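**Student:** What follows is a single structure, and I will ask about it in a moment.
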Amino acid sequence: MMELHQIIKRILITEKSNIDREEANKYHFEVDRRANKVEIGDAVEKL
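Quick note: the sequence shown uses the numbering used here, first residue 721, plus one each step.
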């Protein structure tokens with residue numbers, strides 16, 4: 721399994737992501753292509 725900092729590379733800050741964050745409490749991240757949904761979800765929860 722990959723380390724947390726390897727899975728989530730950075731948060732994406734765009735006009736659309738700012739709207740999603742304000743209206744729906746959704747965040748956009750750049751993630752490693754090798755990570756699956758379960759690994760990404762676990763990494764987000766732990767961070």
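All C-beta atoms in this analysis are idealised placements derived from N, C-alpha and C, irrespective of residue type, glycine included. All values reported here derive from a predicted model rather than from experimental measurement.
Relative to the alpha-carbon of residue 750, which residue among 743, 742, 727 and 723 has its alpha-carbon at the smallest distance?
**Tutor:** Taking only the C-alpha atoms, the option nearest residue 750 is 727.
**Student:** Can the beta-carbon of residue 737 be found less than 7 Å from the beta-carbon of residue 725?
**Tutor:** For residue 737 and residue 725, no; Cβs fall outside 7 Å.
**Student:** According to DSSP, is residue 736 part of a helix, a strand, or is it coil?
**Tutor:** Correct three-state label for residue 736: helix.
**Student:** Could you spell out where the alpha helix (DSSP H) holding residue 766 opens and where it closes?
**Tutor:** Segment 757–766, the alpha helix (DSSP H) holding residue 766.
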